[in-house]
Amino acid sequence: MKHNTSGVVVAGHICLDIIPTFLDKSTSEACRIEPGHLYHMGKAVCSTGGAVANTGLALHSLGVPTKLIGKLGDDLFGKAVLNLIDEIEPSLSEGMTVMPGDQTSYSIVISPPETDRSFLHCPGANDTFTINDICLEELSQPSLFHFGYPPLMKQMFSDGGEQLRLLFERLQELGCLTSLDMSSPDPDSPAGRIEWRDWLKTVLPTVDLFFPSIDEIRFMIDGNAGGVNELLEYEITDYRRLANQLIEWGARVVVIKLGSLGLYLRSAENVQFSVDAVNSPNAVKSGDSGLWASREIIAPCFEVESVGTTGAGDSTIAGFLAGLYQGAGPESALNLAVAVGACCVEGHDATGTIPQLDVVRQRIANGWKRKSASALPEGWSEPSDLGLWFSNEDAVITNGI
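Per my numbering: the sequence shown = residues 689 to 1089.
Next up, the structure:
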């Protein structure tokens, strides 16, 4: 099935990120914050945050036509968010709803070097966001629609997923691919106490691309939340179990974010979709099969000097969607995803170090080194120069494509 190519819409959670920078001499061990201590920090970086800003602005930086949809208050933080977006491209803020009297969402981002980040977060106006804040008639039939962070948006999780299901159903009727990114709910908040398995069963039948992190999906399916910091080796059996469950509930392509270990992709047997490569006739790399059905692939990360991890997962998704938008199959989309994620962590904020997509491709082509594993997981192989690992259950391997 071919899909429209008028651009990518990114909707959902948006906030102001306030990011204290750790000094150059800081190490992850020295960055532990203990009660009663004063810590000497560097400057505070203020940037837009949340899926709308992080994934949306990353897509814009990569050169993909992008529309942002989110909700802000008419306060100082809201004005700061609009100003930051307008500095990049004034037209990008046109989809923002500003509600008088509402508090704009903000996050204090604790992002030590070489360590996954933590957040102090106020959801603010995101809690009042509903599908009525999205006017489908004004979207000009996008080819991809990405929604991010429903666990941080009260109206989007408290109804059991019905609003998001209705929205995605309507988008698919218009010929649009649907994409969903989650976030980790605070276990002690209302979002942490809902039955996420039921929520997923409601929403996933309308989801083409699902991008949870391993800790998020373990929490939602198993009720525990082992953080990505604890992942020291690949746990293939667990990834496969979780992905198979998500596919059984209706997701078509599952891409699990593994932190510094990269990405794991598994897809359903009947997946057949593509987006016309309108922006780049050379989007698909040599060796990319373009086949989406029955895939199981791991994309290890590229090596970089990490400055901060803010927005890394969101930017990784942007790389994947940008590749798909330009006609890439799963192999190229995965490589672009981990490459853009690597570009992201070279800076303090989420999008400041993300270049045009052609620059990312050239960096890969120039022999950008991967993070290496001591050994491939059992039952996996690296049969090409793409830098990807394929399981013995992957369709390309089993069919000899």
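C-beta atoms are modelled at their ideal positions from N, C-alpha and C, and glycine is treated no differently. Predicted model, so just to flag it, every value in this text is computed and none were measured.
Cutting at 6 Å between CB atoms, please list the residues of its own chain near I702, excluding the five before and the five after it.
Cβ neighbours of I702 within its own chain (closer than 6 Å, five residues either side excluded): G738, V740, A741, G758.
Check each candidate in G1011, V1033, A939 and name the one with the smallest Cα separation from T894.
A939
Tell me, please, which residues DSSP counts as bridged to Y952.
I944, I986
Where I773 and G947 are concerned, what is the direct C-alpha to C-alpha distance, given to the nearest angstrom?
27 Å
I'd like the list of long-range same chain contacts for L855, defined as Cβ closer than 6 Å, with 5 residues on each side in sequence excluded.
I819
Other residues of its chain near W1056: CB distance less than 6 Å, five sequence neighbours each side excluded:
F990
Nearest-angstrom Cα separation, counted from I924 out to L770
42 Å
Short of 8 Å in beta carbon distance, which residues of its chain neighbour A956, apart from the five on each side in sequence? Order them along the chain.
I935, A939, R940, V941, A981, S982
Have a look at the DSSP bridge pairing and note the partners of W1068.
According to DSSP, W1068 bridges with S1079.
Nearest by alpha-carbon distance to A732: which of I706, L888, P801 is it?
I706
First and last residue of the uninterrupted beta strand (DSSP E) at C703:
703-708
Assuming G751 and Q1044 are in contact, meaning their beta carbons sit under 8 Å apart, how far apart are those beta carbons, in whole angstroms?
5 Å
Using the C-alpha atoms, what's the distance from N1080 back to I776?
45 Å
Select from L949, C1031, F765 the residue whose C-alpha is nearest the C-alpha of I1052.
C1031
How many Å lie between M784 and Q843 at the Cα?
Whole-angstrom Cα-Cα distance: 17 Å.
Distance, P788 Cα to Q851 Cα
24 Å
Return the chain-ordered list of same chain residues with a C-beta closer than 6 Å to the C-beta of Y922, the five sequence neighbours on each side being excluded.
P1065
With C-beta atoms as the reference, is E904 less than 9 Å away from S877?
9 Å or more divides the Cβ of E904 from the Cβ of S877.
Keeping to the same chain, check which residues put their C-beta closer than 6 Å to that of V698; ignore five residues upstream and five downstream.
Closer than 6 Å at Cβ, skipping near neighbours: V740, T743, G744, L756, H834.
For F835, which beta-bridge partners are listed by DSSP?
A699, L868
Let me know the beta strand (DSSP E) ranges lying completely inside the segment 975-1038, each 3 residues or longer, listed in chain order.
For the segment 975-1038, whole beta strand (DSSP E) runs of length 3 or above, ordered along the chain, are 984-987.
Local Cβ density within 10 Å of A1016, reported as buried at 16 or more and exposed below that:
buried
Spatial neighbours of F845 within its chain, please: C-beta separation below 7 Å, excluding the five flanking residues on both sides.
P838, P839, A879, I882, W887
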